[in-house]
Every structure is written in C-alpha cells, then in structure tokens.
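Numbering-wise, the working numbering puts 68 at position 58 of the sequence shown, and it's gapless, one number per residue.
I have placed the structure first, in the form of structure tokens, so that the comments after it can refer back to it.
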Amino acid sequence: MATTAGRSIEELLGDEGEALLTHTCETIPRDRITAPGPTWVDDVMTGSDRPVPVLRSLQTLFDHGRLGGTGYVSILPVDQGIEHSAAASFAPNPEFFDPVRIVELAIEGGCNAVASTLGTLGIASRRYAHRIPFMLKINHNEFLSYPNAYDQIMFASVKQAWELGAVAVGATIYFGSPESKRQIVEVSQAFAAAHELGMATVLWCYMRNSAFSPKDGGPDYHVAADLTSQANHLGVTIEADIIKQKLPETAAPGFTDLKFGKTHPRVYSELMSDNPIDQTRYQVANCYMGRIPLINSGGASAGDSDLAEAVRTAVVNKRAGGAGLISGRKAFQRPFADGAALLNAVQDVYLDDTITLA
C-alpha cells in the first residue's frame with residue numbers, strides 16, 4: 011500500500027486501519043451503486059439534460075491535477091475568510107491573506123480545482139483561470155453581524171463566475187434552518203442559470219439548526235447519517251452535479267429522536283450500521299445511488315492529527331463509493347509546502363489501487 015508523506019496509509023489509520031481497509035458493506039452492496047470512474051461523464055451525464063458545455067466543464071474538472079482521469083477529485087476550498095473570518099482562517103499562516111497564494115497552493119498541491127470567493131478568484135483570474143479550473147462559491151454565511159447569525163446569502167452572481175472563467179459554481183444550503191426554503195429557491199435558480207452558461211454546479215449540503223446540536227452528551231445530528239443523506243437527496247433534486255457533505259459521525263436516528271420529518275425503520279436496521287463506511291455508503295445512495303458524485307469535507311484543522319484525519323476521511327469516502335475530498339483548513343493553515351504535501355497525501359489514497367470499494 012502507498013506511502014504517504016513518509017508514512018504508510020495503514021500507519022496513519024492506526025488502530026482503525028485493518029477494520030477500515032477490510033470492511034465489506036453488507037447494507038447497500040457495491041454492485042448496486044454507480045462507482046466513480048474515468049468515464050463517469052460519458053456513462054451518466056451524457057444521458058442527462060445537462061447542456062453540452064456543462065459536460066465539457068465537468069470533464070475539464072475531472073481531467074485536471076494528480077487525480078485527472080481517475081474519476082476522483084481533490085479540491086482546495088477557501089471561503090473561510092467570510093464563513094469563519096479572515097483572522098480565524100489566515101492568522102495561523104498569514105501568507106494566505108494573499109489570494110494568489112491560495113490559487114498557487116491548489117496548483118502546487120495537484121488539485122482538480124480551487125473553490126473560493128469572488129474576490130479571491132477575481133484577483134487571480136487572468137493569471138490562473140487557464141491553468142487550474144476555478145469554482146466560484148456564490149453564497150456565504152456573513153459572520154460580522156452582531157449577534158452572530160447563520161444564513162447563506164448571495165455574494166456573487168452566476169454571470170460573474172462565467173466572466174472570470176470559472177468552470178463551476180458552488181453554493182451552500184443550510185438544510186433544517188428557518189432560512190432553508192429561501193436558500194433552496196435561490197440556489198436552484200442560480201444552478202439553472204449556471205447550466206445555461208455551461209458551468210457545472212456543486213452544492214454544500216449542510217445541516218444547520220440549534221435543535222440538532224448535542225445535548226447532555228448525546229449525538230450531534232448535524233452529522234447524522236440519516237439527516238445528511240436526506241440533505242444530499244434534496245441537493246441532487248435541484249440538479250447539483252456534485253454533492254459536498256460532511257462525513258457522517260453517527261447512525262443515531264435523527265428523524266426519530268428529534269420527532270420531525272419522515273423515515274423508515276429499515277434505514278437503521280438494514281441500510282446502515284455503526285461503521286462509518288456503511289453510513290457514508292448511505293450518503294452515496296441518496297446521491298442517486300452514486301450517479302451524482304459525493305465528495306466529503308476534510309474538516310477543521312486540529313494540528314498534528316490533520317494528516318491522519320485527512321487520510322482516514324479519504325479512505326472512508328473512497329471505500330463507500332464517494333468521489334473525493336474537498337480539503338481546506340487542514341491544508342492552508344500550515345506552511346505552504348506542508349499544505350501541498352497534505353493534499354498529495356489525500357490524493358495518494360485515491361491513486362492506490364489496493365484501496366477498493368467496500
């Protein structure tokens with residue numbers, strides 16, 4: 011098995027290694043899903059209603075970087091300067107206050123694309139839009155209002171994404187929030203406009219409601235497999251071409267425990283288990299059985315454990331049938347060379363043929 015940043019993947023996985031690398035999904039078998047592969051655009055999207063320029067944009071995205079031609083993607087996302095504040099995001103490594111360095115990290119790190127804000131991509135577009143696919147994040151949670159609030163609002167237009175040379179637009183919906191209905195309408199309309207202009211669409215399908223937060227040591231339903239999977243299903247319904255979701259952390263029955271929505275007992279008894287690969291496989295199933303690629307979030311930076319956590323997430327995603335990772339803070343909140351090495355370590359998981367579908 012591949013060595014990554016001087017350490018083997020098994021070593022980085024630690025005590026979980028054997029279980030994660032040998033697990034077989036008996037919930038939703040691998041032959042039931044559409045697995046990632048180099049011909050995904052031909053096999054799936056050419057039969058869809060996507061315009062021909064969108065197919066070209068998707069193929070461009072999947073053909074770039076170290077993972078080009080594999081059917082997997084590694085994306086550097088940096089919108090945290092708005093979502094978390096520039097100070098919280100860039101003080102650990104101040105060189106990334108410079109947006110050009112963000113784009114250069116994605117290039118050096120061998121990424122398929124760089125996803126960022128209008129300002130970041132706009133200031134670098136003439137220099138770099140032809141060298142790496144741009145993905146413009148068009149909405150954000152503005153974090154300077156007092157008191158702090160959580161609502162995704164539009165910061166950029168689809169036309170601006172097209173004008174600066176982006177091949178894709180990205181957006182977030184806070185499913186479960188009071189504002190989610192408005193966000194669904196806004197993003198659905200924006201994605202339709204993006205497809206008309208030939209750009210692909212990527213949706214961050216995040217849960218957001220204080221009722222989902224842990225109580226008395228209970229589970230965090232923001233990362234419950236059942237709720238996040240239904241968010242994925244809503245995302246593919248508005249024709250997101252790629253779904254971004256957090257890795258599930260609990261199989262606790264969110265719908266049942268919180269007493270809302272609708273579910274079925276079979277979800278918890280047969281379609282998922284306590285194994286993180288099975289839970290992520292259920293997320294894939296809700297992306298039209300993998301016809302729409304699922305990429306998982308790399309998560310926040312925790313310091314020395316970042317490399318091991320990123321590799322673990324990649325292994326779970328790949329073995330579940332996911333199509334890659336979108337890793338930001340773990341990469342840009344460290345020295346430039348170390349950030350590029352971490353991105354390469356994630357990519358090494360997808361390049362390792364011995365790590366197969368569970």
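Note that CB positions come from ideal geometry on N, CA and C, so glycine has one too.
Model, not experiment: these values are computed from the prediction.
If you reduce the DSSP assignment to three classes, tell me which class Asn285 lands in. The residue labelled residue 285 in the question sits at position 275 within the sequence shown. Coil.
Could you say if the stretch 134-154 and the stretch 171-185 meet the contact criterion of at least three C-beta pairs nearer than 8 Å? yes
Quick one: what does DSSP say Phe165 is sitting in, helix, strand or coil? Counting from 1 along the sequence shown, the entry for residue 165 is found at position 155. Reduced to three states, the DSSP call for Phe165 is coil.
Which residues mark the beginning and the end of the beta strand (DSSP E) in which Phe144 is found? In the sequence shown, residue 144 corresponds to position 134, counting from 1. Note, Phe144: beta strand (DSSP E), Phe144 to Lys147.
Starting from the C-beta of Gly47, find all residues in its chain whose C-beta is less than 7 Å away, skip the five residues before and the five after it, and write them out in chain order. Residue mapping note: residue 47 aligns to position 37 of the sequence shown, counting from 1. Contacts found: Gly81.
For Gly91, three-class secondary structure by DSSP: Position 81 of the sequence shown, counted from the start, is the residue given in the question as residue 91. Gly91 falls in the helix class under three-state DSSP.
In terms of residues, what are the limits of the alpha helix (DSSP H) holding Ser369? Residue 369 is absent from the structure shown; the chain starts at 11 and stops at 368.
Three-state secondary structure assigned by DSSP to Ser311: Along the sequence shown, read from residue 1 onward, the residue named residue 311 stands at position 301. Of the three classes helix, strand and coil, the one that applies to Ser311 here is coil, per DSSP.
Can you give, in chain order, each stretch of the beta strand (DSSP E) that sits fully within the stretch 183-240 and has at least 3 residues? 210-217
Length of the line joining the Cα atoms of Arg111 and His274: Sequence index remark: in the sequence shown, residue 111 carries index 101 (1-based). Sequence index remark: in the sequence shown, residue 274 carries index 264 (1-based). Computed Cα separation, rounded: 48 Å.
Is Phe72 near Asn122, with beta carbons less than 8 Å apart? As a first step, residue 72 is located in the sequence shown; it is residue number 62 there, counting from the start. As a first step, residue 122 is located in the sequence shown; it is residue number 112 there, counting from the start. Contact flag set, yes.
What is the rounded straight-line gap between the Cα of Asp89 and the Cα of Cys215? Position 79 of the sequence shown holds residue 89. Position 205 of the sequence shown holds residue 215. Taking the straight line joining both Cα atoms gives about 15 Å.
Do we get a CB-CB distance below 8 Å when we pair Ser84 with the residues of chain D? Reference to chain D is not applicable here, since this structure consists of a single protein chain.
As an exercise, report each continuous beta strand (DSSP E) stretch of at least 3 residues that is fully enclosed by the stretch 248-279, in chain order. 252-255
What does Asn306 pair with, by DSSP beta-bridge criteria? Sequence index remark: in the sequence shown, residue 306 carries index 296 (1-based). Paired residue(s): Gln255 and Leu335.
With a 10 Å radius around its C-beta and 16 neighbouring C-beta atoms as the bar for buried, classify Arg339 as buried or exposed. Within the sequence shown, residue 339 is the residue found at index 329, counting from 1. Counting Cβ neighbours within 10 Å, Arg339 comes out buried, since at least 16 surround it.
Tell me Gly132's beta-bridge partners as DSSP assigns them. Indexing the sequence shown from 1 puts residue 132 at position 122. For Gly132, which the question treats as bridged, DSSP gives no partner whatsoever.
Spatially closest choice to Asn219 from Tyr184, Asp236 and Asp52, by CA coordinates: Along the sequence shown, read from residue 1 onward, the residue named residue 219 stands at position 209. Nearest option by C-alpha distance: Tyr184.
Among Pro143, Thr34, Arg60 and Val51, which has the Cα closest to the Cα of Pro303? The residue given as residue 303 occupies position 293 in the sequence shown. Nearest option by C-alpha distance: Val51.
Opposite His150 in the DSSP bridges: which residues? As a first step, residue 150 is located in the sequence shown; it is residue number 140 there, counting from the start. Ile163, per the DSSP bridge assignment.
Taking just the CA atoms, how far does Glu93 sit from Ser99? For this step, residue 99 is matched to residue 89 along the sequence shown. For this step, residue 93 is matched to residue 83 along the sequence shown. Whole-angstrom Cα-Cα distance: 9 Å.
Just tell me which of Asn306, Glu259, Arg301 and Ser307 has its CA closest to the CA of Gly57. Residue mapping note: residue 57 aligns to position 47 of the sequence shown, counting from 1. The residue with the shortest Cα to Cα distance from Gly57 is Arg301.
What would DSSP say about Ser99, mapped onto helix, strand or coil? For this step, residue 99 is matched to residue 89 along the sequence shown. Ser99 falls in the helix class under three-state DSSP.
Identity of the residue in Phe270, Val124 and Asp358 nearest Ala139 by Cα: Sequence index remark: in the sequence shown, residue 139 carries index 129 (1-based). Measuring from the Cα of Ala139, the nearest candidate turns out to be Val124.
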